[in-house]
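**Q** Once you've had a glance at the structure underneath, I'll fire off some questions.
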Ligand SMILES: [Zn+2]
Ligand SMILES: [Zn+2]
Ligand SMILES: [Zn+2]
């Protein structure tokens with residue numbers, strides 16, 4: 089499995105317009121962060137997690153060639169508002185794209201992008217999406233055949249990949265993280281219930297929210313993130329959704345002194361490979 093972090097910044101992105109703080113002025117490219125999103129490639133499928141407001145730039149910058157399905161964590165603008173630009177991917181295949189999300193998120197998406205969920209949209213140049221409300225583990229089935237150019241050794245028509253939604257607390261909202269095999273993606277996550285911890289056992293990699301050092305009502309700060317990692321005990325953890333309080337090199341150095349776990353600071357276009 090290959091995970092590419094398309095963006096690792098908090099909702100404002102880094103640098104923040106008009107801000108002259110040292111992180112926003114940093115010359116380290118790892119301190120330049122588009123909004124948080126990722127693409128997961130496995131079994132011949134290419135799954136996008138969130139259509140960030142920087143979607144278009146992220147697709148171009150990371151040269152994403154295909155989107156077989158979208159896993160949507162929640163409806164906040166930074167994770168959703170690039171949705172319309174997905175039509176380029178509809179046009180490339182002539183097919184609708186499935187979106188998977190929670191019952192709470194679905195009406196929020198439809199209230200903003202309802203027009204994109206109509207059959208036959210493609211011929212009008214609009215995005216054409218299918219909404220799937222999921223509450224437990226679900227399967228994504230490839231519609232590609234080897235003749236369509238499915239990745240070598242990848243999944244052919246009829247084979248299915250299992251995806252598990254994992255509910256996490258994001259302030260007053262409960263939103264979705266997703267587990268795919270031994271990888272989990274937990275953005276915008278302040279709290280994790282005992283039931284959700286149980287869904288996160290035996291992970292090789294967790295990608296997890298770590299907004300900043302100081303406390304925040306809806307995101308985990310560094311201490312809270314490390315406590316989650318301590319409970320989950322993945323082989324490797326990667327921090328995302330970082331604000332301009334966090335300078336990459338500084339947090340990297342600090343992690344070495346405060347935790348013995350294998351925790352890395354995420355950065356845009358970072359690639360993570362798992363077995
Ligand atoms: Zn966010
Ligand atoms: Zn700043
Ligand atoms: Zn959010």
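Numbering (the working numbering), first residue to last: 89 to 363. By construction, the Cβ of each residue, glycine as well, lies at the ideal position given by its N, Cα and C atoms. Here the structure is a predicted model, which is why all the values come from computation and not from measurement.
Whose beta carbon lies closer than 5 Å to any heavy atom of ligand 2, going through the chain in order?
**A** 104, 107, 109, 112 and 332
**Q** Could you give the C-beta distance for residue 336 and residue 107, rounded to a whole number, given that I count them as a contact under 8 Å?
**A** Taking a contact as a CB-CB distance under 8 Å, the pair residue 336 and residue 107 does not count as one, their CB atoms being some 16 Å apart.
**Q** Check the DSSP bridge columns for residue 272 and list the partner residues they point to.
**A** 267 and 294
**Q** Which residue's Cα is closest to the Cα of residue 296: 313, 95, 151 and 304?
**A** 313
**Q** Given that a residue counts as buried once 16 or more other Cβ atoms are within 10 Å of its Cβ, and exposed if not, what is residue 148?
**A** Its Cβ having fewer than 16 others within 10 Å, residue 148 is exposed.
**Q** By DSSP, does residue 199 sit in helix, in strand, or in coil?
**A** helix
**Q** With H, G and I counted as helix, E and B as strand and the rest as coil, what does DSSP make of residue 279?
**A** strand
**Q** Anyone know if the C-beta pair for residue 290 and residue 325 falls short of 8 Å?
**A** no
**Q** Starting from residue 333, trace the alpha helix (DSSP H) both ways and give me its first and last residue.
**A** No alpha helix (DSSP H) holds residue 333; DSSP gives it neither H nor E.
**Q** Starting from the N-terminal side, write out each stretch of the alpha helix (DSSP H) that is 4 residues or longer and does not extend beyond the region 141-179.
**A** 143-149 and 165-168
**Q** When burial is assigned at 16 or more other CB atoms within 10 Å of the CB, is residue 151 buried or exposed?
**A** Residue 151 should be labelled exposed.
**Q** By DSSP, does residue 184 sit in helix, in strand, or in coil?
**A** coil
**Q** Decide if residue 284 is buried, meaning its Cβ has at least 16 other Cβ atoms within 10 Å, or exposed.
**A** So residue 284 counts as buried.
**Q** Under 7 Å from any heavy atom of ligand 3, does the C-beta of residue 304 make it?
**A** Not so, every heavy atom of ligand 3 lies at least 7 Å from the Cβ.
**Q** My output table needs one value for residue 288: the three-state DSSP class, helix, strand or coil.
**A** coil
**Q** According to the neighbour-count rule (16 or more other Cβ atoms, all chains shown, within 10 Å of its Cβ), is residue 359 buried or exposed?
**A** With fewer than 16 Cβ atoms within 10 Å of its Cβ, residue 359 is classed as exposed.
**Q** Using the three-state DSSP reduction, which class does residue 324 fall into: helix, strand or coil?
**A** strand
**Q** Cβ of residue 125 versus every heavy atom of ligand 1: is any distance shorter than 7 Å?
**A** It does not: the Cβ of residue 125 is nowhere closer than 7 Å to a heavy atom of ligand 1.
**Q** Under three-state DSSP, which class holds residue 121?
**A** strand
**Q** Taking 7 Å as the cut-off, is the beta-carbon of residue 142 closer than that to any non-hydrogen atom of ligand 1?
**A** no
**Q** For residue 253, report the span of its beta strand (DSSP E) as first-last.
**A** It spans 248-258 - the beta strand (DSSP E) in which residue 253 sits, taken as one unbroken run.
**Q** Any heavy atom of ligand 1 closer than 7 Å to the Cβ of residue 99?
**A** Ligand 1 approaches residue 99 closely enough that one of its heavy atoms is under 7 Å from the residue's Cβ.
**Q** Since residue 96 contacts residue 268 with CB under 8 Å, what's their CB separation in whole angstroms?
**A** At roughly 19 Å, the Cβ-Cβ gap does not stay under 8 Å, so residue 96 and residue 268 are not in contact.
**Q** Can you tell which of 354, 168 and 318 has its C-alpha closest to the C-alpha of residue 346?
**A** 318
**Q** I need the boundaries of the beta strand (DSSP E) containing residue 219, first residue and last residue.
**A** 217-221
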